[in-house]
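Comments concern the structure below.
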Amino acid sequence: MFVRLLSITSLFILAIANPLVHRGDSQCDTGNIQCCQQTQTVDEYNKNATAHGRVPIDIDILGRVGLGCSPITIVGAGAGATCSQEPLCCSDNQYYGLINIGCTPINIYIN
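In mature numbering (1 follows the signal peptide of the UniProt record, and there is no 0), the protein residues as written are -17 to -1, 1 to 94.
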């Protein structure tokens, strides 16, 4: 009887301990958090780029295009960093300097 109780208790402890994996609380696991002045879809960007003499993006990407982006560090985000535009999570794809591609909006409060 004692062996049966010990084996059931051991299995119970293993079942509880397994899901207790530390997961980061970051909303941006694929790249850097960027503060962008403007965001557009790739189609919107390509139409505007062609109309204004800029080079259109000729690769197939998922996500949005961030224009006029600057990085927000995690240290800076907690120490009074400001982002009055739209914070995005960008997958480290920069295209012609201040244009980031493959971005997704994130919900953070940066004042």
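C-beta: ideal position from N, C-alpha, C; glycine also.
Note that the structure is predicted; figures quoted are calculated from it, not measured.
Where T22 is concerned, the enclosing beta strand (DSSP E) starts and stops at 15 to 23.
Here the alpha carbon of E69 sits roughly 13 angstroms from the alpha carbon of N83.
By the criterion of a C-beta distance shorter than 8 angstroms, T22 is surrounded in its chain by R47, V48, G49, L50, E69, L71, C86, P88, once the five residues flanking it on both sides are discounted.
Contact between I44 and V25 holds, since their C-beta atoms are separated by about 6 angstroms, short of 8 angstroms. By the C-beta density criterion, I16 is buried, having at least 16 other C-beta atoms within 10 angstroms.
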